[in-house]
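Undergrad: Dumping the structure here so I can ask a few things about it.
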Amino acid sequence: MPLLEPNADALRPTVREAAPAPDRVPDRQAGGTPEPLRSDLIALLGADKVLHKVSDLVRYASDASPYRFVPQVVVAAEDIDDVSAVLSYAHGKGREVVFRAAGTSLNGQAQGEDILVDVRRHWAGIEVLDDGARARIGPGTTVVRANATLARHGRVLGPDPASAIACTLGGVVANNASGMTAGTTRNSYRTLASLTFVLPSGTVVDTGEHDADELLAHAEPALCEGLLALKAEIEADPELVARIRAKYEIKNTNGYRLDAFLDGATPVEILRGLMVGSEGTFAFIAETVFDTLPLDRLVSTALLFFPSLPAAAAAVPKFNEAGALAVELMDGNTLRASVSVAGVPADWADLPKDTTALLVEFRAPDEERQRAYEEKAGRVLEGLQLVAPVASVTNAFTRDAKTIAGYWKARKAFVTAVGGSRPSGTTLITEDFAVPPARLADACTALLELQTRHGFDAAVAGHAAHGNLHFLLAFDAGKPADVERYAAFMDEFCTLTVERFDGSLKAEHATGRNIAPFLELEWGPKATELMWRTKQVIDPDGVLAPRIVLDRDPKAHLRGLKTIPQVEAIADPCIECGFCEPTCPSHDVTTTPRQRIVLRREMMRQSPGSPVEDGLVEAYGYDAVDTCAGDSTCKLACPVGIDTGLLMKDFRHARHTPREERIAALAARNFKAVEASARLAVAAADKIGDRLLTSVTRTARKAVRPDLVPEWLPEIPGPAARRLPPTSRVGATAVYYPACVNRIFGSPGEELSLAQAVVAVSARAGKPVWIPDDVNGTCCATIWHSKGYEAGNRVMANRIVEAAWGWTAGGRLPLVVDASSCTLGIAHEVVPYLSDDNRELHAELTVVDSLVWAAEELLPHLTVHRTVNSAVLHTTCSMRHLGDGDQLRQLAEACADEVVTPDDEACCGFAGDRGMLHEELTRAATAREAAEVTSRHYDAHLSANRMCEVGMDHATGRSYHSVLVELERATRE
741 MPLLEPNADA
751 LRPTVREAAP
761 APDRVPDRQA
771 GGTPEPLRSD
781 LIALLGADKV
791 LHKVSDLVRY
801 ASDASPYRFV
811 PQVVVAAEDI
821 DDVSAVLSYA
831 HGKGREVVFR
841 AAGTSLNGQA
851 QGEDILVDVR
861 RHWAGIEVLD
871 DGARARIGPG
881 TTVVRANATL
891 ARHGRVLGPD
901 PASAIACTLG
911 GVVANNASGM
921 TAGTTRNSYR
931 TLASLTFVLP
941 SGTVVDTGEH
951 DADELLAHAE
961 PALCEGLLAL
971 KAEIEADPEL
981 VARIRAKYEI
991 KNTNGYRLDA
1001 FLDGATPVEI
1011 LRGLMVGSEG
1021 TFAFIAETVF
1031 DTLPLDRLVS
1041 TALLFFPSLP
1051 AAAAAVPKFN
1061 EAGALAVELM
1071 DGNTLRASVS
1081 VAGVPADWAD
1091 LPKDTTALLV
1101 EFRAPDEERQ
1111 RAYEEKAGRV
1121 LEGLQLVAPV
1131 ASVTNAFTRD
1141 AKTIAGYWKA
1151 RKAFVTAVGG
1161 SRPSGTTLIT
1171 EDFAVPPARL
1181 ADACTALLEL
1191 QTRHGFDAAV
1201 AGHAAHGNLH
1211 FLLAFDAGKP
1221 ADVERYAAFM
1231 DEFCTLTVER
1241 FDGSLKAEHA
1251 TGRNIAPFLE
1261 LEWGPKATEL
1271 MWRTKQVIDP
1281 DGVLAPRIVL
1291 DRDPKAHLRG
1301 LKTIPQVEAI
1311 ADPCIECGFC
1321 EPTCPSHDVT
1331 TTPRQRIVLR
1341 REMMRQSPGS
1351 PVEDGLVEAY
1361 GYDAVDTCAG
1371 DSTCKLACPV
1381 GIDTGLLMKD
1391 FRHARHTPRE
1401 ERIAALAARN
1411 FKAVEASARL
1421 AVAAADKIGD
1431 RLLTSVTRTA
1441 RKAVRPDLVP
1451 EWLPEIPGPA
1461 ARRLPPTSRV
1471 GATAVYYPAC
1481 VNRIFGSPGE
1491 ELSLAQAVVA
1501 VSARAGKPVW
1511 IPDDVNGTCC
1521 ATIWHSKGYE
1531 AGNRVMANRI
1541 VEAAWGWTAG
1551 GRLPLVVDAS
1561 SCTLGIAHEV
1571 VPYLSDDNRE
1581 LHAELTVVDS
1591 LVWAAEELLP
1601 HLTVHRTVNS
1611 AVLHTTCSMR
1621 HLGDGDQLRQ
1631 LAEACADEVV
1641 TPDDEACCGF
1651 AGDRGMLHEE
1661 LTRAATAREA
1671 AEVTSRHYDA
1681 HLSANRMCEV
1691 GMDHATGRSY
1701 HSVLVELERA
1711 TRE
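Numbering (this note's numbering), first residue to last: 741 to 1713.
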């Protein structure tokens, strides 16, 4: 054991519920996966593919739904052979299998109680076909990632669910998820050209093969016979055929797609249709091929306010007829609640009770079509009675991208506002249903009355163009009375939707566990029994996802409801949606932000010192705290703004001993000497050799503690020059602050250092900068902040603000910082640690990232004399927080003829030195981006943060440097 191993008990909860939660993981599961299941699967697949610790099982037990079921084991399948092996094992042992990709499902579809198979990690990828007209996409690929590639070809996928940032194509197809614009014509059922799937028997079917039916008939004769018999039975019943067709005139994902029997002529064609919306109960979807749609880039959007719901609903068909692609509805309660979200106009709080808004959007391929749409929209507006009860309301169409983004942020604030403000300890349920669009206003009114009567917050929003409405319910699953209230609401809601409106109980979220008991209410006994028989034909042994679509238990929707114990305030609002997961650097190596919070909640459910808590705490140090990059990109993706990275920094602080805190504070107080020593050490290391240094540091890491001693990497640059370039305060237009990392490490292979380049290019543009003589010994404080050293953080945060205030003459000059993470640190992250006096000084500072300085202040005054042919960019996480990505690209486009941002670009996970403490973090975080970057030649590899550049050097074997160095070279005469 290392000498300075941290105290794991510091991570135990100190405050928790008075009694253990009723749904806590029982002590008998503390050992994780039981035998012989664990040994069997390890022997079958290999140890690296079998996740069996109790912490593994707990972190996979939750998805975006109100349910929680703990699996017996989690398998990280890498290929079809792995999936087939698991299915064969399950058949032979009488076990059950559930497939999980993103875990964004809202009804428990991604949860299982036996073998859970993770099909996200190894299943991503997209191949563009026919110049973008089609695309072959892996089931673990997110919608956003697929569309990023398709956008290069002017194409886009039809389905556009609100969870596109996180949900994967396998789940989109399995749930027939649609979204704001897909409706019934652009969804997976209509745009899926073909797919490859693995049946419960292990048979692999590629519906795109010309002889697919012949192969299936040979491998599965009983299946083919059964499907054709069901088809004949349905087609022989005209009343049933008419009912099936009518059910899909509006959005409907409840139950199986019985129209597949009408649309498909052969068993393979029937199966292609049945797989859409089957929720993993028929087969594993291993690959999809989509017909794509044109990406109309010209957008005209309006947020229109009406005096009432009926008035807004009456306008919906008029905009549909005019060609609107999206018509979104928000009722008055939704609008007023949304003011709690940053960016939403504050005066919405004063909107009258009955005010209702429609967000209407037209998209066009060219200017002529856009004008035509706008003319049609204008004629519709002339006949409407709109209201402007508060100053922010304009009731006009706009092309301005920023304004449009604000409208959509307001629309999406529905979940943010309600989810983030719900009472602590309550479960959030996101429901959706559809009614004929002509009944929209009546359905909204009835729903709001029902919510109020059952004691739920009354609010509704949705895809008005398609009669598809969404609402949220929050209740405490640990309180029987609250569960009874939810049950009573669901009984009445389902009856109302079916009997009064002949609607769909699930329009786009799929049946799942909470609507399965009401399937027959909507479809009737005949159609429901056909669904049961279809399941029997395809999965006769019931191996796949039992109880997810079909369940005869009338109270099945009340089984497995999860409690939400209170955790640390920063994470307590988490709704476990999973939007954060794709952005997290550690999502393929240990845990994700959602899983870190899920694990914390399970600790809270447990009795103090229980065997389960012991197992969770033991794993949490490395799996959650140590391998968190702390980049906080999770906050950017989270609909309720949770910064899990900051929580992990708090946990790092909790593990520090008083002695460690004192040493860190001492280092901050004496940072000038520390900085000089670090530069000397780098210089010495440069002469010793990489192999020896790597060996020495690895030995030290084993003896001391991996999280304290960095591992030497060959890509670490040599030392910076001892002296910064000479500058003058007289005539300076800005104060230039070279970050300590750029004062310690040099720029390998460059003619000029970064500091020299910034000084030179600023002077060249007629905007000279001044470097203060006493910058040495100061820092943005990120070194201490990222590691949770609070005392040292306070020392340096206050020092840098006091120094910057003096350098800038009390804020009269801007402070230009040459590393994006340091800009973020000085501009934002130091604030909570400042004294009251220094907080006032900080408010007077103008902190400018060097990218913004160069793009906005220098570039307009520079002449480019030479460019490189091609450049690839790495946008750092700090740039995302600062919003500097556009400036990085603007500068790169001045320096290179071709500029590429990788589709798989993500945080590199290097995080200062974390990539040296945990090399596996950067390796996993950069794997896809590195593969993309190294797939071709680039003349320049550009970024604007030294340690991120080192991380990308290590990941790609290429040499990254600051875009400002490239700008100096391009504009040099």
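Glycine included, each C-beta is placed from N, C-alpha and C at the ideal position. Values in this document were obtained by computation on a predicted structure and should not be read as measured data.
Pull up the CB-CB distance for Y996 and T924, whole angstroms please, since I reckon it's below 8 Å.
TA: Against the sequence shown, residue 996 aligns to sequence position 256. Against the sequence shown, residue 924 aligns to sequence position 184. Not quite, the Cβ-Cβ distance comes to about 17 Å (not below 8 Å), so this is no contact.
Undergrad: Out of V1357, S1502, R1334 and D1222, state which residue places its alpha-carbon closest to the alpha-carbon of M1344.
TA: As a first step, residue 1344 is located in the sequence shown; it is residue number 604 there, counting from the start. Comparing Cα positions, the closest option is V1357.
Undergrad: In angstroms with no decimal places, state the Cα-to-Cα distance between P742 and A750.
TA: Locating residue 742 in the sequence shown gives position 2, counting from the first residue. Locating residue 750 in the sequence shown gives position 10, counting from the first residue. The predicted position of P742 is uncertain, since its pLDDT is 43 and thus under 50; a value taken from the coordinates is nonetheless stated next. The straight-line gap from Cα to Cα measures roughly 18 Å.
Undergrad: With a threshold of 8 Å on Cβ separation, who are the neighbours of I726 within its own chain once the five nearest residues in sequence on each side are excluded?
TA: Any question about residue 726 goes unanswered here, given that the chain covers just 741 to 1713.
Undergrad: Enumerate, from N- to C-terminal direction, the unbroken beta strand (DSSP E) stretches of 3 or more residues contained entirely within the stretch 1113-1189.
TA: Fully enclosed beta strand (DSSP E) runs of 3 or longer: 1167-1174.
Undergrad: Looking at the ligand ATP, does it come within less than 8 Å of R1179, judged from the CB to the closest heavy atom?
TA: Among the components modelled here there is no ligand, and therefore nothing to report on the ligand ATP.
Undergrad: Please work out which residues of its chain come closer than 6 Å, Cβ to Cβ, to P1459, disregarding the five sequence neighbours upstream and downstream, and give them in chain order.
TA: Against the sequence shown, residue 1459 aligns to sequence position 719. Excluding positions up to five away in sequence, the list reads R1419, V1422, A1423 and G1486.
Undergrad: Decide yes or no for the touch test of the stretch 1553-1570 against the stretch 1461-1481: beta carbon pairs closer than 8 Å, at least 3 of them.
TA: At 8 Å Cβ cutoff, the stretches touch.
Undergrad: Tell me whether G1013 is buried or exposed, calling it buried when 16 or more other Cβ atoms sit within 10 Å of its Cβ.
TA: Against the sequence shown, residue 1013 aligns to sequence position 273. Buried is the call here.
Undergrad: Express the C-alpha separation of K1275 and F1022 in angstroms, rounding to a whole number.
TA: Within the sequence shown, the letter at position 282 stands for residue 1022. Within the sequence shown, the letter at position 535 stands for residue 1275. Taking the straight line joining both Cα atoms gives about 7 Å.
Undergrad: Is the stretch 1154-1166 touching the stretch 1049-1065, taking contact as three or more C-beta pairs under 8 Å?
TA: No: fewer than three Cβ pairs fall under 8 Å.
Undergrad: Tell me the DSSP secondary structure of T1028 in three-state form.
TA: Against the sequence shown, residue 1028 aligns to sequence position 288. In the structure shown, T1028 sits in a strand (DSSP, three-state: E or B).
Undergrad: For A708, which residues from the same chain have a beta carbon less than 6 Å from its beta carbon, with the 5 sequence-adjacent residues on both sides left out?
TA: Nothing can be reported for residue 708, as the shown portion of the chain is limited to 741 through 1713.
Undergrad: Check each candidate in A1497, A1472, I1523 and Y1529 and name the one with the smallest Cα separation from K1507.
TA: On the sequence shown, position 767 is the one that residue 1507 refers to. With distances taken between Cα atoms, K1507 lies closest to A1472.
Undergrad: In angstroms, rounded to a whole number, what distance separates the CA positions of R1305 and T1170?
TA: Reading the sequence shown from its first residue, position 565 is the one you call residue 1305. Reading the sequence shown from its first residue, position 430 is the one you call residue 1170. Note on residue identity: the sequence assigns Pro, not Arg, to residue 1305. If I take the Cα positions, the gap works out to 19 Å.
Undergrad: In the DSSP assignment, what are the bridge partners of R808?
TA: Start at 1 with the first residue of the sequence shown, and residue 808 comes out as number 68. BP columns for R808 point to S802.
Undergrad: What does DSSP give as the partner residues of I855 in its beta bridges?
TA: What you label residue 855 is simply residue 115 of the sequence shown in a count that begins at 1. I855 pairs with V813 and V837.
Undergrad: Closer than 7 Å by C-beta to A1198: which residues in its own chain qualify, once you throw out the five before and the five after it? Chain order, please.
TA: Mapped onto the sequence shown, residue 1198 falls at position 458. So the qualifying residues of the chain are N1073, L1188, Q1191 and T1192.
Undergrad: Which residues share a DSSP beta bridge with V1612?
TA: Sequence index remark: in the sequence shown, residue 1612 carries index 872 (1-based). BP columns for V1612 point to V1640 and H1681.
Undergrad: Which partner residues does P1034 have in the DSSP bridge list?
TA: Here residue 1034 refers to the residue found at position 294 when the sequence shown is read from its first residue. DSSP, once it has assigned bridges, lists R895 as partnering P1034.
Undergrad: Compute the Euclidean distance between the alpha carbons of E949 and A1086, then round it to the nearest angstrom.
TA: Residue numbering aside, residue 949 sits at position 209 when the sequence shown is read from its first letter. Residue numbering aside, residue 1086 sits at position 346 when the sequence shown is read from its first letter. Rounded to the nearest angstrom, the two C-alpha atoms are 56 Å apart.
Undergrad: If you drop the 5 nearest sequence neighbours on each side, which residues of the same chain put their C-beta closer than 8 Å to that of N747?
TA: Along the sequence shown, one-based indexing puts residue 747 at 7. Here the set comprises R1395 and T1397.
Undergrad: Find out if the Cβ-Cβ distance for the pair V1223, A1217 is shorter than 9 Å.
TA: For the purposes of this step, residue 1223 is identified with residue 483 of the sequence shown, where counting begins at 1. For the purposes of this step, residue 1217 is identified with residue 477 of the sequence shown, where counting begins at 1. Yes, they are a contact pair.
Undergrad: By alpha-carbon positions, which one of R1037, R1151, A1204 and L1574 ends up nearest to A1141?
TA: In the sequence shown, residue 1141 corresponds to position 401, counting from 1. Closest by alpha carbon: R1037.
Undergrad: Can you look up D1716 in the DSSP assignment and give me helix, strand or coil?
TA: Residue 1716 lies beyond the stretch modelled for the chain, which goes from 741 to 1713, so this question has no answer here.
Undergrad: Is there contact here, the stretch 1218-1238 with the stretch 787-798, by at least three beta-carbon pairs under 8 Å?
TA: No, the stretch 1218-1238 is not in contact with the stretch 787-798.
Undergrad: Decide if the stretch 867-874 is in contact with the stretch 823-839; the criterion is three or more beta carbon pairs, one per stretch, under 8 Å apart.
TA: At 8 Å Cβ cutoff, the stretches do not touch.
Undergrad: Can you name the residues that DSSP bridges to D946?
TA: Start at 1 with the first residue of the sequence shown, and residue 946 comes out as number 206. Looking at the DSSP assignment, D946 forms a beta bridge with T936.
Undergrad: Going straight from the alpha carbon of V1481 to that of F1650, what length do you get?
TA: Residue mapping note: residue 1481 aligns to position 741 of the sequence shown, counting from 1. Residue mapping note: residue 1650 aligns to position 910 of the sequence shown, counting from 1. Approximately 14 Å, taken between the alpha carbons.
Undergrad: Take S1502 as the anchor and find which of L967, L1707, E1645 and P940 has the nearest alpha-carbon.
TA: Translated into the one-based positions of the sequence shown, residue 1502 becomes position 762. Measuring from the Cα of S1502, the nearest candidate turns out to be L1707.
Undergrad: Assign L743 to one of three DSSP states: helix, strand, or coil.
TA: Taking the first residue of the sequence shown as 1, we reach residue 743 at position 3. Note that L743 has pLDDT 47, beneath the 50 cutoff, so the model's placement of it is unreliable and no number is given.
Undergrad: Contact defined as beta carbons within less than 8 Å: I believe A1543 pairs with T1518. What is the distance between those atoms, to the nearest angstrom?
TA: For the purposes of this step, residue 1543 is taken as the residue at position 803 of the sequence shown. For the purposes of this step, residue 1518 is taken as the residue at position 778 of the sequence shown. Right, the Cβ-Cβ distance comes to about 5 Å (below 8 Å), so this counts as a contact.
Undergrad: Just reading off the alpha helix (DSSP H) that I866 is part of, what are its end residues?
TA: Residue numbering aside, residue 866 sits at position 126 when the sequence shown is read from its first letter. No alpha helix (DSSP H) holds I866; the beta strand (DSSP E) holding it covers I866 to L869.
Undergrad: Quick one: grab the DSSP three-state call for E1321.
TA: Position 581 of the sequence shown holds residue 1321. Three-state DSSP puts E1321 in a helix.
Undergrad: Does the stretch 1628-1648 touch the stretch 1596-1614, meaning 3 or more C-beta pairs lie closer than 8 Å?
TA: Contact between the stretch 1596-1614 and the stretch 1628-1648 is present, because at least three Cβ pairs lie under 8 Å.
Undergrad: Near T1367, which residues of its chain fall below 7 Å by C-beta distance, leaving aside the five closest residues on each side in sequence?
TA: Counted from its first residue, the sequence shown places residue 1367 at position 627. Cβ within range, chain order: S1326, V1329, T1330, H1658 and L1661.
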